[in-house]
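Take a look at the structure set out below.
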Amino acid sequence: MKTEWDLESAIATYNVEGWGNGYFTVNSSGNVEAKPLQDIGGSIDLLEVVNEARARHLGFPLVIRFQDLLRHRVESINRVFQTAITEFGYRSEYRGVFPIKVNQLREVIEEIVDAGQPFHFGLEAGSKPELVAALAMHQDPESLIICNGYKDP
-13 MKTEWDLESA IATYNVEGWG NGYFTVNSSG NVEAKPLQDI GGSIDLLEVV NEARARHLGF
47 PLVIRFQDLL RHRVESINRV FQTAITEFGY RSEYRGVFPI KVNQLREVIE EIVDAGQPFH
107 FGLEAGSKPE LVAALAMHQD PESLIICNGY KDP
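The sequence shown begins at -13 in the numbering used here and counts up one residue at a time.
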């Protein structure tokens, strides 16, 4: 027996509250919606994006990347550390790094490096290709490149 799709069904099916972290939600139509800047920016109905991709005859599976979300996460983690450093009187600095193995796509690394520039956010490499990428993307002399003992022979 088929049940009718409603908002409660969508919320239960997608479990967005369990993983969305304010960046994804279910809208009143029961569709998953992206909010790349959480509550300070607009939202994007993902079904509308998929329907537009179909109308343009794009191939599936479809990768939808939200550069603003990457930027917002880098800025958020750095602001949290700055707040904690001030609050607890920590006398040193925080220098975060992005492990390239998480996502090696040039567009992703470029966005993270650009967003992290005011915070001297660096890169971590665990292989020779990752180290080459980190060296090529490195722009800030105050940011770190951490070579985590590359594993290539």
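Backbone N, C-alpha and C fix where the C-beta goes; we use that ideal spot for every residue, glycine too.
Measuring alpha carbon to alpha carbon, tell me which residue in Asn89, Glu97 and Gly108 is nearest Ser129. Gly108 is the residue among Asn89, Glu97 and Gly108 whose C-alpha sits nearest the C-alpha of Ser129.
Between which two residues does the beta strand (DSSP E) harbouring Glu110 extend? Here the beta strand (DSSP E) through Glu110 covers Gly108 to Ala111.
Measuring CA to CA, which of Phe52, Glu116, Glu79 and Ala39 is closest to Cys133? Checking every option, the nearest Cα to that of Cys133 belongs to Glu116.
Candidates Ile50, Glu(-6), Phe46 and Phe74: closest to Glu93 by CA position: For Glu93, the nearest C-alpha among the options comes from Ile50.
Within this structure, are the beta carbons of Glu97 and Gln125 separated by less than 8 Å? Taking a C-beta distance under 8 Å as the contact criterion, Glu97 and Gln125 do not qualify as a contact pair.
Cα-Cα separation, Pro127 to Asn89: Approximately 23 Å, taken between the alpha carbons.
Rounded to the nearest angstrom, what separates Ile26 and Ala119 at their Cα positions? Using only the alpha carbons, I get a separation of about 33 Å.
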